[in-house]
Amino acid sequence: MLSNKSPAAWQRNVPVDATVAFGFNVPVRRGSAHSNIVFTDSNWNAVEFMVVEIENGERLVPVSKLSSYTTYTVSISEGAYASDGGIINDTFDLSFTTVKLLDVGLNNLTIPNHGVVEKQFFFDAAEVENIARRDGYKIESYQWRIDGELVGTNKYIYHTFVTTGNHELKLIIIDNQGNTCIIEETIKIQPLTNVGMSFISHDEELTTAIVHKDGTILWRNQYELKLVHDGQLINGEEIGVALYKDNIYHVAFSAAYLFELMHYR
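Here it is, written out as structure tokens:
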């Protein structure tokens, strides 16, 4: 009687939101053993499901999503289905394995866990796209939530905190296999006080000589200027610089966070 089933027997990489369907080559009705249908995982934990009638068969719809990378078995007892002519089905089992959950975590994301109030933050999940593509998945949606409020649905967002204290960030990622990945982080926001400039000179042994066409030589050292708050870097702030040699003004410029300064000898 059984003519088709879905998923296929021992199929791997089955989406976690999959349903199980059985089709027969003749119209059937529920038989006396229909209540004996069993849907379990590899640890014999029962899966709660609903039954939906389809043409010449039924579909078993799990109430909740299945677990990732787990083997499930549906056991159909003899007599679970019967034709109008009184023919009943034989006993059969269907086993399959669901897909793996995307292996992503905080180390794959740009999510700062501290900062100062009224300064723009950048949160980025672009690396998740690369991981999904490598594993043959596709990201269907992103939900960035801060303190429960939805603040963005792209793979990256900008956000400004207007209050100090601890704020809870939750990123919900859903792929095309039905997997849901949730990443959470607590972000500590401090008041903007005690701000200073950090100046770092690179090793002068690493200076670079730039020779102009007229034969003059310009020595260049690299320096870093960073805006810091209690030892923590403040990103995205523009720093203006004026360069003097022997108390004579030479040049002025500005840049965000990191740039090179010319040093003349």
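Just so it is clear: in the sequence shown, position 262 is 262 by full-length UniProt numbering, and no numbers are missing.
All C-beta atoms, glycine included, are put in the ideal place defined by N, C-alpha and C.
For residue i, which residues from the same chain have a beta carbon less than 8 Å from its beta carbon, with the 5 sequence-adjacent residues on both sides left out?
| i | result |
| --- | --- |
| residue 93 | 73, 74, 75, 76 |
| residue 55 | 23 |
| residue 150 | 143, 144 |
| residue 7 | 14, 18, 20, 94, 96 |
May I have the straight-line CA-CA distance separating residue i from residue j, to the nearest angstrom?
| i | j | result |
| --- | --- | --- |
| residue 60 | residue 29 | 15 Å |
| residue 107 | residue 123 | 13 Å |
| residue 53 | residue 80 | 14 Å |
| residue 82 | residue 148 | 51 Å |
| residue 1 | residue 78 | 12 Å |
| residue 160 | residue 51 | 48 Å |
| residue 21 | residue 164 | 53 Å |
| residue 5 | residue 37 | 15 Å |
| residue 244 | residue 110 | 38 Å |
| residue 183 | residue 65 | 19 Å |
| residue 181 | residue 142 | 10 Å |
| residue 134 | residue 46 | 33 Å |
| residue 352 | residue 193 | Examination of residue 352 is not possible in this model, given that the chain is present from 1 through 265 alone. |
| residue 276 | residue 130 | Past the boundaries of the shown model lies residue 276; the chain is included only from 1 to 265, so the question cannot be answered. |
| residue 246 | residue 240 | 20 Å |
| residue 168 | residue 185 | 6 Å |
| residue 19 | residue 39 | 11 Å |
Please check the pair residue i and residue j, which I expect to be a contact at CB under 8 Å, by giving their CB distance rounded to whole angstroms.
| i | j | result |
| --- | --- | --- |
| residue 95 | residue 9 | 7 Å |
| residue 125 | residue 155 | 5 Å |
| residue 104 | residue 128 | 5 Å |
Cα-Cα, which of the options is closest to residue i?
| i | options | result |
| --- | --- | --- |
| residue 158 | 172, 119, 130 | 119 |
| residue 44 | 64, 103, 71 | 71 |
| residue 166 | 155, 146, 154, 58 | 146 |
| residue 137 | 6, 101, 152, 50 | 101 |
| residue 152 | 135, 162, 181, 173 | 173 |
| residue 3 | 228, 39, 245, 58 | 58 |
| residue 162 | 242, 121, 228, 240 | 121 |
| residue 97 | 150, 193, 17, 130 | 17 |
Within its chain, find whatever has a CB closer than 6 Å to the CB of residue i; leave out the 5 residues flanking it on each side and keep chain order.
| i | result |
| --- | --- |
| residue 48 | 63 |
| residue 41 | 70, 72 |
| residue 248 | none |
| residue 259 | Only weak support is given to the placement of residue 259: the predicted model assigns it a pLDDT of 37, under 50, and the question is left unresolved by the model. |
Hey, is residue i's beta-carbon within less than 9 Å of any beta-carbon in chain D?
| i | result |
| --- | --- |
| residue 8 | Absent from the structure is chain D; it holds one protein chain and no more. |
Suppose the cutoff is 7 Å on Cβ atoms and the five residues either side in sequence are ignored; what does the same chain contact list for residue i look like?
| i | result |
| --- | --- |
| residue 26 | 1, 56, 83 |
| residue 132 | 102, 138, 139, 175 |
Original post:
If you pair each beta-carbon of the segment 168-178 with each one of the segment 13-32, do three or more pairs fall below 8 Å?
Top reply: Verdict: yes, contact present.
Original post:
Between the segment 114-124 and the segment 178-192, do at least 3 Cβ pairs fall closer than 8 Å?
Top reply: These segments touch.
Subject >> Touching by the beta-carbon criterion (3+ pairs, under 8 Å), the segment 27-45 and the segment 75-89 >> reply: Because the criterion of three Cβ pairs below 8 Å is met, the segment 27-45 and the segment 75-89 touch.
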